[in-house]
Amino acid sequence: LNVLAGLTILSILIAVILFIFNNRLNREISEKQASQKAVEQSEARLKAMFENIHSGVVICRAQDDGNEFLIRSLNQAARHFDQIIMAETIGKPFSKVFPHTLETGLFQVMQRVYKSGSPEQLSTSQVRGRRIEKWRENYIYRLPSREIALVYNDETIRKKDEINRKHLDTINHIIINASPAGKMLED
Numbered sequence: 083l084n085v086l087a088g089l090t091i092l093s094i095l096i097a098v099i100l101f102i103f104n105n106r107l108n109r110e111i112s113e114k115q116a117s118q119k120a121v122e123q124s125e126a127r128l129k130a131m132f133e134n135i136h137s138g139v140v141i142c143r144a145q146d147d148g149n150e151f152l153i154r155s156l157n158q159a160a161r162h163f164d165q166i167i168m169a170e171t172i173g174k175p176f177s178k179v180f181p182h183t184l185e186t187g188l189f190q191v192m193q194r195v196y197k198s199g200s201p202e203q204l205s206t207s208q209v210r211g212r213r214i215e216k217w218r219e220n221y222i223y224r225l226p227s228r229e230i231a232l233v234y235n236d237e238t239i240r241k242k243d244e245i246n247r248k249h250l251d252t253i254n255h256i257i258i259n260a261s262p263a264g265k266m267l268e269d
């Protein structure tokens, strides 16, 4: 009888231990699932922001110690600004996809940022292509993964408006100075 009572108590203890272990395991699994869901939601938020931000964003991985950068990703605005097809761009050298960056100094800024880790801004620079003329303002920084992020805004409309305004001001000045009424105003 004592052996039977001892086995019963042992069975109850084992059942309690298994119950506690099972509850703890279920809680850890639930916490891990909740954590995984939070990570997935965060990734989805960041991806939506990346794709829908009005600035162009290009992510590059350095190759050959920063002598070249391979395009890893680019958002919808970048594809729109530069009329780029993503499938034809991913994995390609940045300097081949954007050859004008050597002339504007952007490529050299990317190299400096890659080496120093300090972000830099490249003020509005003009880019001339075969049939196009556009202006870009660039902000370049290094990600914790050592990839380079290039964030840029298309300033073409603003710059063309500025040039047209200056041109109109010049014409107005010439007309006013050439007219008799304008000469009277000068006196």
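For the sequence shown, the positions run 83 to 269 when our numbering is used. Virtual Cβ for every residue (Gly too), placed ideally from N, Cα, C. Here the structure is a predicted model, which means the values were calculated and not measured.
May I have the straight-line CA-CA distance separating residue i from residue j, to the nearest angstrom?
{"i": "residue 155", "j": "residue 118", "result": "24 Å"}
{"i": "residue 123", "j": "residue 115", "result": "12 Å"}
{"i": "residue 86", "j": "residue 95", "result": "14 Å"}
{"i": "residue 278", "j": "residue 157", "result": "There is simply no residue 278 to check, as the chain begins at 83 and stops at 269 in what is shown."}
{"i": "residue 135", "j": "residue 205", "result": "20 Å"}
{"i": "residue 200", "j": "residue 223", "result": "7 Å"}
{"i": "residue 93", "j": "residue 110", "result": "25 Å"}
{"i": "residue 219", "j": "residue 262", "result": "44 Å"}
{"i": "residue 100", "j": "residue 91", "result": "14 Å"}
{"i": "residue 142", "j": "residue 166", "result": "15 Å"}
{"i": "residue 169", "j": "residue 162", "result": "14 Å"}
{"i": "residue 60", "j": "residue 215", "result": "Shown here, the chain extends from 83 to 269; a query on residue 60 therefore has no answer."}
{"i": "residue 189", "j": "residue 257", "result": "44 Å"}
{"i": "residue 171", "j": "residue 191", "result": "21 Å"}
{"i": "residue 195", "j": "residue 251", "result": "40 Å"}
{"i": "residue 148", "j": "residue 181", "result": "16 Å"}
In terms of residue numbering, what span does the beta strand (DSSP E) encompassing residue i cover?
{"i": "residue 220", "result": "215–224"}
{"i": "residue 141", "result": "138–145"}
Since residue i is in the alpha helix (DSSP H), which residue starts that stretch and which ends it?
{"i": "residue 236", "result": "Residue 236 -> not in any alpha helix (DSSP H); beta strand (DSSP E) instead, spanning 230–236."}
{"i": "residue 102", "result": "84–134"}
Can you check whether the CB of residue j is closer than 8 Å to the CB of residue i?
{"i": "residue 112", "j": "residue 234", "result": "no"}
{"i": "residue 217", "j": "residue 237", "result": "yes"}
{"i": "residue 140", "j": "residue 160", "result": "yes"}
{"i": "residue 221", "j": "residue 203", "result": "yes"}
Report yes or no: do three or more beta-carbon pairs, one from the segment 168–186 and one from the segment 143–154, lie closer than 8 Å?
-> yes
Assess, as a yes-or-no matter, whether the segment 243–253 is touched by the segment 221–232 under the definition of 3 or more beta carbon pairs within less than 8 Å.
-> no
In the segment 150–187, which residue ranges form an unbroken beta strand (DSSP E) of at least 3 residues, counting only runs that do not cross its ends?
-> 150–156
Count the C-beta pairs between the segment 123–130 and the segment 96–112 that are closer than 8 Å, then say yes if the count reaches three, no if not.
-> no
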